[in-house]
Each structure stands twice: as C-alpha cells, then as structure tokens.
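Trainee: My structure is below; once you've seen it, I'll send some questions.
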Amino acid sequence: MIDKEKVGELYLKGHSITYIATELKCNPGAVRVCIHRNFKNFRKSRLANKIRDKEIDRITRFEDKQYMSDSVFIKKNRSIYETNLDGDLVLNTKVAPIVSYDTPITLKNKDSVVAVDARIRKSKYRNDNLLFSGSIT
Numbered sequence: 180m181i182d183k184e185k186v187g188e189l190y191l192k193g194h195s196i197t198y199i200a201t202e203l204k205c206n207p208g209a210v211r212v213c214i215h216r217n218f219k220n221f222r223k224s225r226l227a228n229k230i231r232d233k234e235i236d237r238i239t240r241f242e243d244k245q246y247m248s249d250s251v252f253i254k255k256n257r258s259i260y261e262t263n264l265d266g267d268l269v270l271n272t273k274v275a276p277i278v279s280y281d282t283p284i285t286l287k288n289k290d291s292v293v294a295v296d297a298r299i300r301k302s303k304y305r306n307d308n309l310l311f312s313g314s315i316t
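Residues 180 to 316 (the working numbering) are what the sequence shown spells out, left to right.
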C-alpha cells in the first residue's frame, strides 16, 4: 500500500514519478495512478515549485563559477601588497592589518632567478652525458 501523504509531499516538491517510486520502494505505475487519482488539482503548484527549484539551482551554479584566482585577486588589489627582494608579492600588514581568511598572503614570482634556476636543474638541462657524448646519432 502506498502512503498517499508521502506521495503528495514529494509530488508537490516537484519530484518525478520514478524518483517517488524509488523513495517509497514501489512500482512507478502505482505512483502514477495515485497521483492521477488524488493530486490532479495540484499540478500548477507542483510546476511552480519545480520551476522555482530549477531557478535556484541555476543561480547557485552561476555563483559557484564566480571564482577569482589568487593572481587575479592580487592584480586587482595591488595596493595592499609589496614586493620583496626575490620578486614575490607579500601582503603588507601596515596597509591592511586585518584581512579575510581567503585573502592570499603571498604570490611567488615564477620568473625570479632562483625559481628559473631550480626549474633548469630539475629538468636536467645540459646534462654532461647528453652534450659531450662524442658520437652523433
């Protein structure tokens, strides 16, 4: 036996017949008949709820995509950062003593002499065995 109140509650929230059937562990045909017999007159309010929920999902997805990376944030807010000797951008606490938790503290300079040298050493560029092998293949 199907619980009509539960079917009505899920139907008015905008759920599909198959979803309601899986939630109540019953046949989708039985749910369809129950809705047809008992909840025909709630079709407009169900569609309104369904459209409202879709609109909420669309807006939250849009807001999730509004992410700003650390480098873009620092480029937009250059006044609160200072450059140290390596070329790294560091938060200046004299200018901005209190900042939010998601404010980037430092941004490493990818083109500093130290960083470029470390990348060259890591890539094993100019390995003696490769350059001075004596034979050309």
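Backbone N, C-alpha and C fix where the C-beta goes; we use that ideal spot for every residue, glycine too.
1) By Cβ distance below 8 Å, which residues in the same chain neighbour D290 in space, the five residues on each side in sequence not counted?
2) With A294 and K303 assumed to form a contact (beta carbons below 8 Å), what rounded beta-carbon distance in angstroms separates them?
3) What residue ranges within the stretch 236-276 form continuous alpha helix (DSSP H) runs of no fewer than 4 residues, ordered along the chain?
4) Contact between the stretch 228-241 and the stretch 250-259 is defined here as three or more beta-carbon pairs at a separation below 8 Å; is this criterion met?
5) Looking at T285: is its Cβ nearer than 7 Å to the Cβ of V269?
6) For T282, which three-state DSSP category applies?
7) Can you check whether the CB of F221 is closer than 7 Å to the CB of L189?
Mentor: Quick answer:
1) G266
2) A294 to K303, Cβ: 17 Å. No contact.
3) 249-255
4) no
5) Yes, they are a contact pair.
6) Reduced to three states, the DSSP call for T282 is coil.
7) Going by C-beta atoms, L189 is not nearer than 7 Å to F221.
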